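Residue numbers (this note's numbering), protein chains in the order written: chain S, 1 to 152; chain B, 153 to 304.
Each residue gets a CB set at the ideal place from its N, CA and C atoms; glycine is no exception.
Nothing here was measured: the structure is a model prediction, and the numbers come from that model.
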DNA sequence: CCAAATTCTGCGAACGATTTGCAATGAACT
DNA sequence: AGTTCATTGCAAATCGTTCGCAGAATTTGG
C-alpha cells in the first residue's frame, strides 16, 4: 500500500498529491477540499456525501460544495465511487499507489461494510470482453448478506 | 389490452403464476399489473419504470402505479431489479424456472446492454461468506465497456 | 505585498427518481 | 348485487443531486 516511514505521511502525501494535481488543472486548494480528504482518510469506509457533511465541523462547508468537491476528487482519481444499491453514492479515498478498485460485503440488515480482497477473475472478464467485442471493460461488484452480529 | 391466444405462450404461464401468487396474498389481479408483465415480457431487456410507462397505452396507468406494481412483482419474485449506476432502477421479468440472477455488459457510451452468462464463481463467494461469517451472501455484478459500434 | 484574474463557495431554487396521503374505483367473495 | 378491502389516480412530499448566481477566496503577475 503506502509508505509507513512517518506517522503522518499519509496526510502529507495526500495533500501534496492534491496540490500538484490541482495545480496542473488551474484549480485551487481550498479548505473544503482539504477537509474532505481529511474526513475520508479518517474513515476507511465508503461514506455518503451527507455523512462527510455531518462529519465536518458544523458550519464549515455547504453540502453542495461537498458534492462539487467529491466530483472533482473523483475526476482526479483521488476518490472512488461505490454504489450499494440504496440510491446513495458512497466514496472512499484511493491510496497513493492504488487504483481504488475493490469490492465490499455489506450487511443488508445493519449496513456493516467489510472490504473484500477478491475480485472478479480477470481471465473471465477478458473473455467476456472479447466475446462481445467490447473494449475497456470493467465491472462493479458488491456482495450482500447477513453479518455475524445480525444472525442472532 | 389482452389479446391473441398462443397455445404454449409464456404469457399464459406468467398470468397463472401471477394469479396464484396474488391469490395467496389476498392481492388483486388488475389491469395495470397484467399490462406491466406484458410489457416486460415483450422487452427482454432491463427497463426503467418510465420506459414501462411510455410503452404502455397512453392513459392506461399512472406512473405511481407502475412503481407500486413493480415493487409488488419484485417482492413476489416475478421481476428482478438491476442497477447500472445511473441512478435509475431497471427491471426484468424473471423466467418461470429461473431465479433471475444474471449480469449485464453495458456500453458506457450508447447504453447498449448485453446479457452475460458468466457469474461470479460460487466457490469464491462461499469462501468470502465463510471468511467473514456472513450468511445468505449474494452479489450484484455488472460490466461496463465500449461496445463495437461506439469504438469507431 | 497589492491588485487583477479566475476559481470557489454558500444559498436557494431546480431536478429527476421514487414515495406517499387520500378519496374514489375496482376486484373478489358471499 | 352488496360488502369489503386492495388498488388506483392525482397531487404533493421526499430524497439525493445539480445548478445559477453573487459574493468570497486563492493564485498569479507586478
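Look at residue 119 (chain S): its C-beta is not under 7 Å from any C-beta on chain B. Under the three-state reduction of DSSP output, residue 208 (chain B) falls in the coil class, being neither helix nor strand. Burial is judged here by how many other beta carbons sit within 10 angstroms of a residue's own beta carbon; residue 140 (chain S) has at least 16 and is buried. Against residue 146 (chain S), the close residues of chain B are 286, 287, 288, 289, in the order they occur along the chain (beta-carbon pairs closer than 9 Å).
By the C-beta density criterion, residue 209 (chain B) is exposed, having fewer than 16 other C-beta atoms within 10 angstroms. When secondary structure is reduced to three states using DSSP, residue 292 (chain B) falls in the strand class. Judged by their CB atoms, residue 107 (chain S) and residue 147 (chain S) are nearer to each other than the 7 Å cut-off. By the neighbour-count criterion, in which 16 or more other beta carbons inside 10 Å mark a residue as buried, residue 198 (chain B) falls on the buried side. 7 Å or more divides the Cβ of residue 96 (chain S) from the Cβ of residue 151 (chain S).
Taking all protein chains in view, the Cβ of residue 238 (chain B) is surrounded by fewer than 16 other Cβ atoms within 10 Å, so the residue is classified as exposed. With respect to the 7 Å criterion, residue 297 (chain B) and residue 134 (chain S) are classified as neighbours on the basis of their beta carbons.
The C-beta separation of residue 101 (chain S) from residue 143 (chain S) comes to about 15 Å, leaving the pair out of contact by the 8 Å criterion. With distances taken between CA atoms, residue 114 (chain S) lies nearest to B:281 out of B:182, B:274, B:281, B:275.
The secondary-structure analysis by DSSP pairs residue 48 (chain S) across a beta bridge with S:90. For residue 204 (chain B), same chain residues with a beta-carbon under 8 Å away, outside a window of 5 residues either side, are 188, 191, 192, 218, 222, 243 in chain order. Around residue 124 (chain S), the beta-carbon contacts reaching into chain B at under 7 Å are 270. In the assembly as shown, residue 33 (chain S) is a buried residue. Its beta-carbon has 16 or more other beta-carbons within 10 Å. Residue burial is scored here from C-beta neighbours: residue 235 (chain B) has at least 16 other C-beta atoms within 10 angstroms and is therefore classed as buried. Here the C-alpha atom of residue 73 (chain S) lies approximately 30 Å from the C-alpha atom of residue 200 (chain B). Straight through space, the alpha carbons of residue 220 (chain B) and residue 99 (chain S) are spaced by roughly 40 Å. Burial is judged here by how many other beta carbons sit within 10 angstroms of a residue's own beta carbon; residue 110 (chain S) has fewer than 16 and is exposed.
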